[in-house]
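What follows is a single structure, written as structure tokens, with notes after it.
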Amino acid sequence: MERMLGYGQAIREALDQALADDPDVIVMGLGVPDPKGVFGSTIGLQERHGVERVFDIPLSENAVTGIALGSATTGLRPVLVHQRVDFALVSFEQIVNQIAKWRFMFDGRLSAPLVIRMVVGRGWGQGPQHSQSLQALFAHVPGLRVIMPTTPSDAKGMLTAAIESDDPVICLEHRWLYNIEDLVPQERYRVPLDRARVVRSGTDVTLVGVSYMTLECLTAAEMLADAGVSAEVVDLRSIRPLDIDTIRESVERTGRLVVVDNAHVVGGVSAEITAAVLERSFASLLASPVRMGFPDHPTPTSPALADGYYPLPEDIAARTAAVVGRPAAFTPAERGERRLDQPDTSYQGPF
Amino acid sequence: MERMLGYGQAIREALDQALADDPDVIVMGLGVPDPKGVFGSTIGLQERHGVERVFDIPLSENAVTGIALGSATTGLRPVLVHQRVDFALVSFEQIVNQIAKWRFMFDGRLSAPLVIRMVVGRGWGQGPQHSQSLQALFAHVPGLRVIMPTTPSDAKGMLTAAIESDDPVICLEHRWLYNIEDLVPQERYRVPLDRARVVRSGTDVTLVGVSYMTLECLTAAEMLADAGVSAEVVDLRSIRPLDIDTIRESVERTGRLVVVDNAHVVGGVSAEITAAVLERSFASLLASPVRMGFPDHPTPTSPALADGYYPLPEDIAARTAAVVGRPAAFTPAERGERRLDQPDTSYQGPF
Amino acid sequence: MDQSALRQDLLRSMLRIRMVEEAVADLYPEQEMRCPVHLSIGQEAPAAGVCSALANGDQVVSGHRSHAHYLARGGDLARMLAEFYGKATGCTGGLGGSMHLTDPEAGFLAATPIVGSSIPVGVGAALTARNRGEDRVVVVFLGDGAMETGILHESINFAVVHRLPVMFCCENNLYSVYSPMSVRQPPDRSIVEVAAGHGIRTWSGDGNDAEEVAGLAEDAVQAIRLGSGPAFLEFSTYRWREHCGPYYDNDLGYRTQEEFESWRDSDPIEILARREGWPDREQVALDIAEEIRAAVEFARSSPFPVSDSMRSTLVPSS
Amino acid sequence: MDQSALRQDLLRSMLRIRMVEEAVADLYPEQEMRCPVHLSIGQEAPAAGVCSALANGDQVVSGHRSHAHYLARGGDLARMLAEFYGKATGCTGGLGGSMHLTDPEAGFLAATPIVGSSIPVGVGAALTARNRGEDRVVVVFLGDGAMETGILHESINFAVVHRLPVMFCCENNLYSVYSPMSVRQPPDRSIVEVAAGHGIRTWSGDGNDAEEVAGLAEDAVQAIRLGSGPAFLEFSTYRWREHCGPYYDNDLGYRTQEEFESWRDSDPIEILARREGWPDREQVALDIAEEIRAAVEFARSSPFPVSDSMRSTLVPSS
Ligand SMILES: Cc1ncc(C[n+]2csc(CCOP(=O)(O)OP(=O)(O)O)c2C)c(N)n1
Ligand SMILES: Cc1ncc(C[n+]2csc(CCOP(=O)(O)OP(=O)(O)O)c2C)c(N)n1
Ligand SMILES: [Mg+2]
Ligand SMILES: [Mg+2]
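Chains as they are written, first to last, in the numbering used here: chain Y, 834 to 1184; chain Z, 834 to 1184; chain G, 145 to 462; chain F, 145 to 462.
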């Protein structure tokens, strides 16, 4: 049975079912059992599964990450939750030196089957320390799996697969995706952790979107269609390992590539995609690939500055049209009362 | 006056002169005043400049990084030293959230003029947690400068410029460079923090080397010359900001690009270089750029496994020759008693 | 300063913080201050008391809940409000917002909202003071939640080893967001106890009694100036409104209405007002109201920052 | 177990560690063990004493200086030496080397060399024990330097809050590499004191007296099994050789020859041997020597790992 569910509800269902199916699954993190339940994604889980399996933590993300590792390597299946990826940086040593390498450096005698959920902030003045999108940092670390599901149904299915995976999985969830809904199957199901997905077919150019930017790419593709450009849109979903084959297959058909990352361009995932596609499909490329993302400075807080910071559908459409050799200007999509620091008017901060 | 100096001696001279010239300069880090003096780079500095300006620290790299920031933003010019970049990961939050953003998020009213030196390990079984080369992680963070000087003279000149810079500078020093010597001027001088350098001219292909890999590229270039291939070699030196112009200028002449990074390829600096060159010089490229570096798994400890891990000159030469369309096999350079986990036989571990 | 004058100052300082925060709470629903705000209503006394013990040149560092510290230290009100409104005239030019305040000239060095992360910054400022031979005390404000961060412990240890002139001031308001002490810290040890383990001198007191706070801070600052090394102070207090944002949130059920009311009944302003009398309260309130009105007017009427102006100068680029 | 049998066991365990480490030191200059080694010669007693108090199913976690802990816990000697030689038969197949030991079947969970970083791993193992209702104690070995890491404090706090069955054992050997206590920790507070600040039960004792260590560990383990929550133990001891590598290094001047000699004179093996008598010492030594000879032989004759075999299975790849 499928129902419309929000992103947070879909995640909550994945956690609830994992907790019910496997007594070794635990869920922990700051605020996990609190009334807001991490944007709704953990509400009620402690009541249903007990304080030993679903619990709040001290403000000690670094140690708790090591505790997650220690519990994982001895048999539990922990899911650790951070309300912002920015906070998780205090535990970066644990993730990079230990968790990512655990199985390898112990020759497979130990492993680290755990999931770390991290929310990527945006809007309402989250500013320099509450709206970073740091997938590139994790994407450079062998041993990790890194996923960024865009839709509620992928969020549920990928999180389910992540919890069952014997590899450590970093799951990055864009805050604004919590404001969208989708048809989500009720039963437990898995979506592969390493597959991109073509979400719109096209023939002139391949648009690869990362997380929330996939939605902006879809809007841009509609604008482009009106201008006579047929854009294929790929939802990246998996950041490490990258599903280059799906992208390459598309680019070999369209001859053109635009990657729209939800992060800084320089040294970002878009560079890896560009270079990896190039290495495989140099001869198919009709134009230089284009990378879009955030400018090369930290995120400012004022809405006046954030307005120029994030790529908008009309920006994506314009750059893409230029790549295809049919330069055009695009008028911004109608957005009513919504200002650019909100996904919709229901989002009124503060987080 | 120029003398032959080792890498550690050159760094020591830069620090000594900075301490002498500016009373606000301080140098701190684990082992800084100890008898080994961080591979010789800090020996005698405490005796010369006092315990308040050159000092050891508790095993608290995270707080000390914040302390460096606090002292820098109030007037000091701290140089913080880590014997391994792997250790610095405990302070990643300070570097990424605070130091990199300090000047920006305080609108220039505060700044973070500090230098963090980090040694990149290699050889003698340094293994998964003592031989990472993590420049890509810093290279993705706007607000930082990231440098990797290859020669002793660049090390001295770039470190001098770094200490004088008003930006925070991450200086990554490859352990094996400590075993080379170079002509180094005695007086204080500055080498720009954002300029790559052509270290060998050529016409068929551009080889970009990162840190120690520049030396391997130079050896490869000699091998290639014997095979009739003329390789230009660029020493990258600056990781952020990247000097793409120097590379692009070279690639536009040679039409071919091989980047040899001293790090994992996936999501690494070589991807950014490839993508950035491509965006500017798509039409000049005669072949797909090639990236070389470490395979996509952690560094194993056994010398038997490390032997296949690092690109060797003959590997670089072979890949390069293939790019140029003149495939050839290259015999390994003569290395006498040296085994592959030593830069030379004088290096006998343990660090 | 005689005790009555001190009380008047403390009252004025607390009332000003209260009225500014209430103005923010009133204006916030207009949705023109588009950034998170962590209000200090109910816990004005530690800010006012501690800052009353500071001299010119002393410096303050804080975290996410920093408005009170900024104001008590003498930070510019108009530029703070302009910052909340995201304006170019804000204290960080619209780049930082409510969670990134600074007024270095006033001795308010910096606030940043990653919990624990700004603590060593204060220790580093104290290192500068030592190295330059400047007679300066640096105050680091933190919450009870920050006691759980490793960096707090590393910072205290470093300060003690180097005998640095830094004063850690912990406002224990019993909660970290919605999380009570019981899920975060052991029931049978106090916050000063864990600090004292590091060999730092500690003080603790009623964080709703500004006069007591001021006295303890005075003692600690004096000890620091005499060279006895760093100090750690804990003040028990309570946040009235929600963790972040303008509203009350007792309906959420993470704390009881009774607990809230009992703390509200020990309103730090009323406690001291009762003790002191405070005949000119009304006039003081009028003056503050006028100051706030003008500051809001300034903030509202200031221009927004322009995107391209900042990029090139504030971050290195090739 | 009667006290004499305990002493015999402790003596055997310590002598075995000593002789293994000395064999490593002797063989290291051949340059066939090509990885850093941190020897425990002189500080065998905490390893032997603590592990004597453990039962089947208990687990041990350690850091960079872990050989003694691995051996005392019953880790496979031949696979340890094979690991030092970088062989496929090593306890981590040549991937980890001396600083990354494991023998999960023997109850030696894991050692990793980033100081402080393995501490929470032990706490996590204790969490598993609690959640699965397994009667298990987890020992975390750490050095005096690790006391300065924030993660140690976070880990203790978490263990106390959750009353987890974990025993932190600090071997205080006065140095972190060449750095003395004076530049790292305050002079006037002890290591147990800073731990006790967190509300954890503490014990401390002579780390060169294995019998005393065993007794304290016995007490602490019993308390933990009775459900009283985590424990913290400090043992004073001394490392004889250089921080890393096979040689002596007193010539470097970071510590005095007198200090070294006074500690060497309280050799943990001789202290207990004097107390117990130990008539069959020679036979024990012969047996151990034979065990070591065979293990070295195994290690030397084992094949090196082959590069391509491991990649695909040990890390995710597309
Ligand atoms: C490292 C980190 N983790 C989590 C958060 C989210 N967060 C913001 S404030 C806060 C609570 C802090 O509690 P406390 O220190 O007691 O200060 P209070 O809010 O009570 O003034 C949390 C968890 C953060 N900002 N930084
Ligand atoms: C985070 C980190 N910083 C620095 C180092 C380098 N290092 C390795 S061992 C060591 C000293 C540790 O001292 P202690 O904890 O007392 O253990 P001991 O060597 O005395 O047994 C240091 C600084 C490291 N491994 N990890
Ligand atoms: Mg609090
Ligand atoms: Mg030690």
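No residue lacks a Cβ here, since even glycine has one placed at the ideal position from N, Cα and C. Since the structure is predicted, the reported quantities are computational estimates derived from the model, not experimental observations.
| Item | Value |
| --- | --- |
| Contact residues within the region 317-328 of chain F, judged by C-beta distance below 8 Å to chain G | 327, 328 |
| Separation of residue 185 of chain F from residue 406 of chain F, as counted between CA atoms | 15 Å |
| Cβ contact (3+ pairs, closer than 8 Å) linking the region 1037-1051 of chain Y and the region 977-984 of chain Y | yes |
| Closest residue to residue 1132 of chain Z among F:157, F:160, F:179 (Cα-Cα distance) | F:179 |
| Ligand 1 heavy atom lying under 7 Å from the CB of residue 1080 of chain Z | no |
| Minimum Cβ-Cβ distance from residue 1115 of chain Z to chain Y less than 8 Å | yes |
| Host beta strand (DSSP E) of residue 836 of chain Z (start-end) | 835-839 |
| Proximity below 8 Å, CB of residue 311 of chain G to CB of residue 216 of chain G | no |
| Straight-line gap, residue 382 of chain G to residue 317 of chain G (C-alpha atoms, nearest Å) | 4 Å |
| Cβ separation of residue 1004 of chain Z and residue 949 of chain Z, assumed to be a contact under 8 Å, to the nearest whole Å | 7 Å |
| In chain order, each alpha helix (DSSP H) run of at least 4 residues that lies wholly inside the region 912-974 of chain Z | 918-921, 935-938, 968-972 |
| Alpha helix (DSSP H) runs wholly inside the region 1083-1131 of chain Y, at least 4 long, in chain order | 1102-1114 |
| Chain Z contact for residue 244 of chain G (CB, 8 Å cutoff) | yes |
| Residue(s) in a DSSP beta bridge with residue 1005 of chain Y | Y:951 |
| Host beta strand (DSSP E) of residue 774 of chain Z (start-end) | Residue 774 of chain Z is absent from the model: chain Z starts at 834 and stops at 1184. |
| Own chain partners of residue 967 of chain Z with C-beta closer than 6 Å, once the 5 adjacent residues on each side are dropped | 918 |
| Neighbouring residues, chain Z, relative to residue 1124 of chain Y (Cβ below 8 Å) | 1108, 1112 |
| Any C-beta of chain F under 8 Å from that of residue 1074 of chain Y | yes |
| Contact with chain Z by residue 264 of chain F, beta-carbon distance below 8 Å | no |
| Limits of the alpha helix (DSSP H) - the one that residue 898 of chain Z falls within | 894-906 |
| Distance, residue 976 of chain Z Cα to residue 174 of chain G Cα | 34 Å |
| Chain Y contacts made by the region 910-923 of chain Z, where a contact means CB separation under 7 Å | 919, 922, 923 |
| Touching by the beta-carbon criterion (3+ pairs, under 8 Å), the region 883-900 of chain Y and the region 288-295 of chain F | yes |
| is_contact[residue 307 of chain F, chain Z] using C-beta, thresh 8 Å | no |
| Chain-ordered chain F contacts of residue 957 of chain Z [CB-CB under 8 Å] | 178, 179, 180 |
| Contacting residues, own chain, Cβ-Cβ under 7 Å from residue 257 of chain G (five flanking each side not counted) | 207, 208, 243 |
| Any chain Y beta carbon closer than 8 Å to residue 434 of chain G | no |
| Straight-line Cα distance separating residue 1105 of chain Z from residue 1008 of chain Z | 24 Å |
| Residue burial classification, residue 157 of chain G (beta-carbon count within 10 angstroms, cutoff 16) | buried |
| Cutoff 6 Å; reference residue 1006 of chain Y; Cβ partners in own chain excluding five residues on either side | 952 |
| Runs of alpha helix (DSSP H) lying entirely within the region 1039-1080 of chain Z, each at least 4 residues, in chain order | 1045-1059 |
| Where the alpha helix (DSSP H) containing residue 358 of chain F begins and where it ends | 354-369 |
| In DSSP terms, what residue 247 of chain G is bridged to | G:252 |
| Any residue whose CB is nearer than 6 Å to a heavy atom belonging to ligand 3, listed in chain order | G:287, G:288, G:289, G:317, G:319, G:320 |
| Proximity below 8 Å, CB of residue 332 of chain F to CB of residue 373 of chain G | no |
| CB contact flag (residue 1040 of chain Y, residue 1002 of chain Y, <8 Å) | no |
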